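Protein chains in written order, with my numbering: chain X, 23 to 146; chain Z, 91 to 304; chain W, 223 to 811. C-beta: ideal position from N, C-alpha, C; glycine also. A quick note: this is a predicted structure, and the numbers were derived from the prediction, not measured.
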Amino acid sequence: MSKVKVLLVDDEVEFASTLAERLQIRGYEAKAVFCAESALDMVRSEPPDVVLLDLKMPGMNGVEVLRTIKKLSPSCQVILLTGHGSEQSAAEWAADGAADYAIKPSEIETLVAKINRANEKRLK
Amino acid sequence: MKDLRISFIGRIISSYTHEVKNYLAIIKETNGLMRDVIEIKKSRGLDEKHFLGFIGCVDEQIGRATAITDYLYRFAHRMEEDRATVHINDLIDELVALMSRLAYRKRISFNKMLRGGLPTTILNPMLFHYLLFCLIEVKMLSLQKNGVISIGTHFSDGFFFVTLTSEGGIVPSSDTTGTSGAGEIEGIAMELGAVISDNGSETVIKIPAVTQVK
Amino acid sequence: MQKEERHTGLVQKFIARYRNLILSDASSVSATPLSKDRYKSLKIRIFLVIGTLAGVPLVMITILSYLSLQGAFKEDFNNQMRGNIESTRQSVEFFIDERISALRFLAAANTYAQLSDERVLQDLFIKFKREFGEVVDLGVINSDGIQASYAGPYSLQGKDYSNQDWFHEVVIRGVYVSDVFMGYRKIPHFAIAVKKEVPERGTFWILRATIDMATLNRYVSIANLKSRDDAFIINHQGILQTQSRYHGNVLEKIAIEAPRPSEEVILSEVRQNGSTPLILGYTSIKKSPWILGMTVASTAQSKLLDLLTRDMVSAYLAVFLVFLGIIANIKFSSALVNWIREAELEREEAIAQSQHSGKLASIGRLGAGVAHEINNPLAIINEKAGLMKDILLMSTDAHINKEKFIGLIQAISDSVTRCKAITQRLLGFARRMDVRHEEIDLNDTIREVIEFLDKEILYRNISLETRLKEDLPRIISDKGQLQQVFLNIINNAIDAVEDGGQIMVSTELRNHDRIRVSIKDNGQGIAKEKIKNIFEPFYTTKEKGKGTGLGLSITYGIVDRLGGSIQVESEVSVGTTFHVELPVRAEAQ
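Structure follows, in structure tokens:
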């Protein structure tokens, strides 16, 4: 079974790269990019299976990035990373195409579970 | 007085900050210790269990810092609207969490007995926080060290009842008016539409449940 | 032309000033802070407006009705006067007519021959006198103008009148009434003569009687006269025929402008130099060479005023009503302004409330923002520590990569530092919000500060006087900081004065919402150009090593943050005064 391709999009370099490394250890093909443009480039060139997208990045609105990714690669599952969430926002994000959301900082196990769930959704 | 409300927010934020700083301090120390261990004990192998212990500690602090930051976030958001649909228990949770450091200074702890399943109501959340803060402060000032403040909630006949009791030694001749003063407390209660009764050992806030904005 | 222009100018100026008074502060209703003085002036302005709006039409109506009443009064008065003159004229005319008729009858009832007999004439004369009174004499004159017979006090027998005007007139007209003349015993008389035609003989004769003016005088003098009024008879030459009260004696030329003959009753105004104007009414008396005149000194105006002032009840009532009106106006203006002030207070409250809400909302957002910010470094620490764990647990390498670990540890450290920076900022923010608010008695605070400096003051023989206003409202502010402020300024004063110098500290309430603390010394003073520098940090006039120069700049900062202000007045070699003004309610910045 091929490795699940995970793309991490977060402007916090240390966070994204470390998390990517941890996912690598856990058998995911994880890459980290640090801005929305790079993320969209990656989605165009090497579409990932699951994207972990930080909402609060400087520049482009996180939700817009989400929509764009979904447009570029509809099968791509996007998990939103956010400092705080609520039921209301979760519903909104789902409506925009998000597969799930996670609160920063999250336990790696939680993230892994979400990634797997999202991937399964993709495969369906 | 409106300035006292802002002052209160300042105190809450201070309390939070001190708490987070503590967690950060622990992380820092643990971190430093890990470094020391690696550097000093270069020759020997790495004691995994030891290290995992450290890391576990760091994790714990992160967890706490995150939790309290979440409370701060919720607390801060409460100030954005002066009417909102709220769960009173949530408001109490937030305030108690953010006041824990203030209470901790006197080794006072909180005991929450919040009944579940209470209906929501519409009120000014920040004002509720403020009222509760003032009443808790009064109790804190009169308690000796190691006291316990219990907060309970229940709902009946269209009213919420928030009960505050303190257990522990009472400080004699203490300034129990706090920085806000009795007049301030009455004022806030009036704005909230709440009634406060105090029989010496128990303070009860009675708030009508509001389901529709007039 | 110039007078008109000046009047217009004045009127315009008045209107402009009046308008300014009313409108001056209309726009600043929203801008200026509430103050009792403003409300007082508003009350006055509204009172004036209402007073004017109510008063002007009222005054105009009063004036108009007074004028119309006066008109009516005048007309009434004139009618009355006319009536008087008419009735007097009628009396006089009747009197003359009666006597003319009597003479005619006498002439018709008797022949010339009969009347030529002096005894007959005398007898007739006595009877005539008895019935008609005041007949002085009776005489017969023949067609040649010679007195044929005579009964009376004079001796006129044989007198020749043929050249006299009256003879010619009676011959032509058939009847003649003479002007008054001074007659027997220096009493005014007049004469009536009638012509009796004797057609059978183609001749005529004249019967003449002299009449005493007494009765006519009486008629004229009882013409319903008030004390300053006058009635008289004059002839066409303006010679008085009766005794006038004010305008001259009988047979003198009348003092005022003589009225002209007139069939109608004419009323006119006569102005006399230095006296009140008179109303003159006059008319000709038929069948006589006379004009009846009447002067009335009391004018319609004074009669009206007279009437009004005599009616005390109405006058008092009117005054009372005006008084009531003024009271009502005052009360209404007061109530209106109070209503406005309440509305403004409410609005200020609402604004303050919404500002407060706005402030809270922004604090909320700030707090939320910070909370958010902290999460990032926390997340990093989380991952780094997690990775360490992963490596320890999952790595299959025999050797743990120590460098890597050190790297991870460093990264954690950096993140913690970041968190700390954020929390520091948050703390600073919280501190600024938490200006310790307590109720402070400024006078007490100042006394405490002075007590603190007691020793120094005594040692240097400085006389420190306090004039602290009693019953100042308590101020809500930060006690510690206020103490710092006053300590600093009083200290400076102590340094500035010589030994034995004077310092005066006073407090007063200004505008009901600010307290002013003044600290005055008679020390060396500050040069005008330097005054603006004194609040700068590190500015000091003391010798090196003495004082950091930070005192006043810190003081200024504290006062500013507390919502107050500092002013300095100073003159070299005279002294310096510091004024610190503080709001009664401090504002949290």
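Closer than 8 Å to chain A by CB, residue i
i	result
residue 643 (chain W)	This model lacks chain A altogether; the protein chains it does include are X, Z and W.
Reference residue i; option with closest CA among the options
i	options	result
residue 171 (chain Z)	W:580, W:341, W:492, W:421	W:580
residue 628 (chain W)	Z:125, Z:115, Z:148, Z:213	Z:125
residue 247 (chain Z)	Z:284, Z:293, Z:299	Z:299
residue 200 (chain Z)	Z:180, Z:230, Z:245, Z:177	Z:230
residue 50 (chain X)	X:134, X:33, X:84, X:78	X:134
residue 812 (chain W)	W:687, W:661, W:703	Since the first residue shown for chain W is 223 and the last is 811, residue 812 (chain W) is missing from the structure and cannot be characterised.
residue 746 (chain W)	W:604, W:725, W:550	W:725
residue 344 (chain W)	W:506, W:360, W:325	W:360
residue 265 (chain W)	W:560, W:567, W:670, W:349	W:560
residue 293 (chain Z)	Z:194, Z:195, Z:252	Z:252
Counted within 10 angstroms of its Cβ, other Cβ atoms place residue i as buried (16 or more) or exposed
i	result
residue 301 (chain W)	exposed
residue 38 (chain X)	buried
residue 254 (chain W)	Note that residue 254 (chain W) has pLDDT 38, beneath the 50 cutoff, so the model's placement of it is unreliable and the number below is only indicative. Classification of residue 254 (chain W): exposed, given that the 10 Å Cβ count is below 16.
residue 651 (chain W)	buried
residue 417 (chain W)	buried
residue 377 (chain W)	exposed
residue 316 (chain W)	exposed
residue 597 (chain W)	buried
residue 730 (chain W)	exposed
residue 249 (chain W)	Only weak support exists for where residue 249 (chain W) lies, its pLDDT of 37 falling under 50; the coordinates are left without a value.
residue 637 (chain W)	buried
residue 280 (chain Z)	exposed
residue 557 (chain W)	exposed
residue 118 (chain Z)	buried
residue 800 (chain W)	buried
residue 256 (chain W)	Low local confidence applies: a pLDDT of 47 at residue 256 (chain W) is under 50, so the model's placement there is unreliable, with the coordinate-based value given in what follows. When all chains shown are included, residue 256 (chain W) counts as exposed.
residue 465 (chain W)	buried
residue 569 (chain W)	exposed
residue 269 (chain W)	buried
Beta carbon proximity, residue i to chain W, threshold 8 Å
i	result
residue 132 (chain X)	no
residue 194 (chain Z)	no
residue 232 (chain Z)	no
residue 220 (chain Z)	no
residue 127 (chain X)	yes
residue 105 (chain X)	yes
residue 43 (chain X)	yes
Whether residue i touches residue j by CB criterion (8 Å)
i	j	result
residue 634 (chain W)	residue 606 (chain W)	yes
residue 75 (chain X)	residue 87 (chain X)	yes
residue 640 (chain W)	residue 599 (chain W)	yes
residue 208 (chain Z)	residue 250 (chain Z)	yes
residue 121 (chain X)	residue 143 (chain X)	yes
residue 40 (chain X)	residue 609 (chain W)	yes
residue 415 (chain W)	residue 392 (chain W)	yes
residue 649 (chain W)	residue 694 (chain W)	no
residue 54 (chain X)	residue 101 (chain X)	no
Contact with chain Z by residue i, beta-carbon distance below 8 Å
i	result
residue 648 (chain W)	yes
residue 598 (chain W)	no
residue 614 (chain W)	yes
CB contact check: residue i to chain X, cutoff 8 Å
i	result
residue 160 (chain Z)	yes
residue 210 (chain Z)	no
residue 114 (chain Z)	no
residue 602 (chain W)	yes
residue 244 (chain W)	At residue 244 (chain W), the pLDDT of 49 sits below 50, so the modelled position is not reliable; the number obtained from the coordinates is stated separately. Taking Cβ atoms only, chain X never reaches closer than 8 Å to residue 244 (chain W), which makes this a no.
residue 594 (chain W)	yes
Contact test: residue i Cβ vs the ligand GTP heavy atom, cutoff 7 Å
i	result
residue 724 (chain W)	Among the ligands in the structure shown, none appear at all, so the ligand GTP cannot be discussed.
Indicate whether the contact test is met: 3 or more Cβ pairs, each with one atom in the segment 415-435 of chain W and one in the segment 360-376 of chain W, closer than 8 Å.
-> yes
Is the segment 381-388 of chain W in contact with the segment 342-360 of chain W, if contact means three or more CB pairs nearer than 8 Å?
-> no
Touching or not, the segment 83-100 of chain X and the segment 50-66 of chain X, by the rule of three or more beta carbon pairs under 8 Å?
-> yes
Can we say the segment 276-291 of chain W touches the segment 402-417 of chain W, given the rule of at least three CB pairs closer than 8 Å?
-> no
Given 8 Å as the limit, is there contact between the segment 479-490 of chain W and the segment 299-313 of chain W, that is, 3 or more CB pairs closer than that?
-> yes
Does the segment 774-792 of chain W come close enough to the segment 698-712 of chain W to have 3 or more Cβ pairs within less than 8 Å?
-> yes
Please confirm if the segment 505-518 of chain W is in contact with the segment 337-347 of chain W, defined as three or more CB-CB distances below 8 Å between the two stretches.
-> no
Looking at C-beta atoms only, is the number of pairs between the segment 134-150 of chain Z and the segment 101-109 of chain Z that lie closer than 8 Å three or more?
-> no
Mind the definition here: the segment 214-222 of chain Z touches the segment 179-195 of chain Z only if three or more C-beta pairs lie below 8 Å; say whether that holds.
-> yes
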